[in-house]
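This report refers to the structure that appears directly beneath it.
Residue numbers (this note's numbering): 70 to 215.
Right under this line is the structure:
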């Protein structure tokens, strides 16, 4: 059985002294993190699909990664425009991205596993995620529904 998420502290990093481009890069991920935290339905939609991938073993062992870890890793992969292998390497080598994916104290997932996770999420689920994001954007005044 895959856990949906686990209680972790929100990531905080000190951007003092970092170049402007790095601060802007991190700010994008912080905004995405806030949007995900404020829209629990997004994680729920993805979690339902990911449950199919991990039914647990005969002894009741849970998956190593939560659905939230997986969703956030897939977001990094998409945002950075990287193949799954490179995305996992990037997350594994960057404490900030590990915090974003809420995997700071965990080993990073294998890229083949991340690929399997992506494939198990149905197109209807991605449409639902886009619908939820659109509604949130309209509600925040960030998106014009016309």
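Built from N, CA and C at the ideal position, the CB exists for glycine as well.
| query | result |
| --- | --- |
| Which of the three DSSP states, helix, strand or coil, is assigned to residue 87? | coil |
| Residue 192 by DSSP, collapsed to three states: which one? | helix |
| Suppose contacts are defined by Cβ-Cβ distances below 9 Å. Is residue 171 in contact with residue 137 by that definition? | yes |
| What's the C-alpha gap between residue 140 and residue 213? | 26 Å |
| Which residue comes first and which comes last in the alpha helix (DSSP H) that contains residue 138? | 136-149 |
| Exposed or buried, what is residue 114 when buried is set at 16 or more other beta-carbons lying within 10 Å of its beta-carbon? | buried |
| Along the chain, where does the alpha helix (DSSP H) containing residue 164 start, and where does it finish? | 164-169 |
| Indicate whether the contact test is met: 3 or more Cβ pairs, each with one atom in the region 88-108 and one in the region 162-178, closer than 8 Å. | yes |
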